[in-house]
């Protein structure tokens with residue numbers, strides 16, 4: 101019989117992500133949570149001992165190497181408040197074989213702690229960088245440039261909401277800008293750096309996605325994934341910068357995502373989302389041939405980054421049996437190689453479980469895709485099951501690694517993770533099936549996951565728990581209020597309980613974007629009140645656990661306070677975990693080591 105490990109062992113499984121090549125292509129920086137919070141590290145591309153570059157108590161959000169010097173810009177917030185600031189790392193003494201020198205320092209480039217900053221790329225000459233920030237108005241992001249030894253310069257004011265730089269043109273004269281009005285309708289603009297004049301690159305009628313745009317090496321084209329011209333599934337496309345004409349290069353039967361162009365123009369790397377798993381593709385722009393790396397198991401690829409000389413491609417891979425790590429694909433030999441080996445905390449690889457992709461029928465005979473994990477332990481009884489709705493809602497549960505999932509599987513729980521209508525990854529039509537007044541159709545889909553477990557005898561119908569975060573937290577609360585007889589326990593993490601107060605208090609910059617999905621308080625207030633779980637608390641029968649970060653800017657902590665107070669008033673058993681130094685989720689290991697054991701005890705108490 102395999103050994104049973106405690107949950108803290110699973111929580112101490114490490115992860116690496118966010119690769120960035122040094123300008124000479126010899127090193128990769130990456131983020132790792134080895135210390136308990138994500139910090140910046142560097143490792144030789146050929147492998148070796150990594151060097152830690154940052155030493156903060158807060159999580160580093162991302163880092164980007166200069167194209168010309170051994171220095172980086174990284175982003176970091178405070179306590180999960182998402183008011184990210186930009187910092188520069190540069191050497192101050194000596195020289196070593198890892199580029200930065202024997203000593204280095206960190207400089208605060210932003211110095212605007214009340215504003216959110218989003219890095220938008222280095223200029224190709226390495227003298228300045230672009231970023232977005234809501235410095236002038238909390239509801240509006242603008243585009244700025246800044247020299248390393250100077251102050252920020254406003255280039256273009258945004259129209260309100262998200263407005264993000266996506267990279268400098270090869271001649272550094274222009275900046276590509278993305279504006280997502282919603283998750284199903286976006287636009288691209290080109291800003292002249294000197295004058296600030298904006299040119300609308302993607303005028304269109306109706307809705308169209310223009311995702312993951314990247315300049316060609318000669319600056320004549322933009323490569324991207326798109327649904328322009330009425331396509332349901334995003335394809336690989338290019339836009340002529342002068343004429344604005346969009347041409348499709350490939351229109352696969354699965355969504356294209358994560359497009360990235362090599363610096364010297366030889367390659368386009370892109371990802372296919374095949375029912376949640378990833379197929380990495382590399383298109384040779386000279387020969388037209390498309391290749392893929394061989395030997396990757398079930399999982400997900402992201403974080404694509406080319407070496408400066410086009411000879412290598414770094415990416416992040418993780419899967420149900422593989423915690424997140426960096427790989428380098430040598431394009432001359434077509435061989436991928438893992439270069440970081442994050443600790444599995446001594447848990448044998450053989451004990452990790454891969455899920456089965458299933459489809460179950462819902463109320464309108466539509467088939468809902470879901471990942472079903474069977475427990476590793478054998479029993480004469482049907483197992484207890486954790487049903488996991490993802491957040492978003494325009495998101496997708498994919499076959500990623502989850503130490504929490506693997507712990508519960510080892511403890512005899514099954515897990516069912518559905519991608520109900522409204523999920524991304526299956527086309528625009530499917531993603532829009534839950535918009536505004538169709539919200540409760542997705543709630544019905546989730547209830548039918550419980551019906552499938554019962555009908556297929558895959559789980560004990562009297563021992564079902566529903567657990568989710570953010571929008572998934574709303575789904576939890578909607579299940580236990582509208583389908584109270586299905587559930588033995590519910591766990592709501594940073595979830596929405598009241599759409600009215602959520603829309604009133606969520607970050608001003610994201611309100612309009614979220615109204616496209618949920619509806620607005622002028623036209624849809626009555627409907628939003630009707631579906632808000634806070635107005636149906638009297639129907640809840642099962643014990644509840646509520647987890648929230650006090651600094652959450654997306655779903656303010658008042659959402660948790662409301663539902664907890666209402667549950668206590670009605671004497672429904674509820675355990676409330678509030679973390680003062682967290683935001684939208686639990687990023688710090690010390691808090692995860694507190695919350696997840698309590699979650700395990702909660703589920704064992706009511707389901708075992």
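In my numbering, the protein residues as written are 101 to 708.
Just so it is clear, CB atoms sit at the ideal spot from N, CA and C, and this is done for glycine as well.
Check	Outcome
One or two residues paired with residue 394 in a DSSP bridge	Per DSSP, none; premise fails for residue 394.
Inter-residue spacing [alpha-carbon to alpha-carbon] between residue 700 and residue 222	45 Å
Bridge-paired residues (DSSP) for residue 592	568, 646
Residue 431 versus residue 359 - alpha carbon distance	17 Å
Residue 629 versus residue 599: straight-line alpha-carbon distance, rounded	7 Å
Whether residue 365 touches residue 318 by CB criterion (9 Å)	yes
Proximity of residue 390 and residue 384 at Cβ, strictly below 9 Å	yes
9 Å Cβ cutoff met for residue 691 and residue 616	no
Minimum C-alpha distance to residue 130 - residue among 123, 141, 425	141
C-beta contact flag for residue 592 and residue 484 at 9 Å	no
At least three beta-carbon pairs within less than 8 Å, the stretch 222-232 to the stretch 611-626	no
Opposing strand residues paired with residue 425 [DSSP bridges]	417
Cβ pair count under 8 Å reaching 3, the stretch 535-552 against the stretch 513-520	yes
N- and C-terminal bounds of the alpha helix (DSSP H) containing residue 691	689-707
In chain order, each alpha helix (DSSP H) run of at least 4 residues that lies wholly inside the stretch 495-582	503-510, 528-531, 539-555, 571-582
C-alpha distance - residue 185 paired with residue 162, whole-angstrom precision	11 Å
Where the alpha helix (DSSP H) through residue 662 begins and ends	658-669
Inter-residue spacing [alpha-carbon to alpha-carbon] between residue 467 and residue 610	32 Å
Local Cβ density within 10 Å of residue 245, reported as buried at 16 or more and exposed below that	buried
Helix, strand or coil at residue 407 [DSSP, three-state]	coil
Residue 616 - containing alpha helix (DSSP H), residue span	608-618
Limits of the alpha helix (DSSP H) - the one that residue 51 falls within	The structure shown does not extend to residue 51, since the chain is modelled only from 101 to 708, so the question has no answer here.
Three-pair Cβ contact test at 8 Å for the stretch 255-270 versus the stretch 502-512	no
Chain-order list of residues whose beta-carbon lies under 6 Å from that of residue 191 (same chain, five-residue window excluded)	200, 201, 204
Residue 404 to residue 145 span [Cα, whole Å]	15 Å
At least 3 beta-carbon pairs within less than 8 Å: the stretch 296-303 vs the stretch 626-646	no
Environment of residue 494 [buried if 16+ CB atoms lie within 10 Å]	buried
Cβ neighbour criterion (16 or more within 10 Å) applied to residue 275	buried
Burial state of residue 254, where buried means 16 or more other Cβ atoms lie within 10 Å	exposed
Integer Cβ distance of residue 181 from residue 651, believed to fall under 8 Å	4 Å
CB-CB length for residue 565 against residue 590, believed under 8 Å	7 Å
Where the alpha helix (DSSP H) through residue 600 begins and ends	599-605
Limits of the unbroken alpha helix (DSSP H) element including residue 625	625-631
CB contact flag (residue 588, residue 557, <9 Å)	no
Residue 240 vs residue 212 beta-carbon contact at 9 Å	no
Contact check, residue 442 vs residue 132, beta carbons under 9 Å	yes
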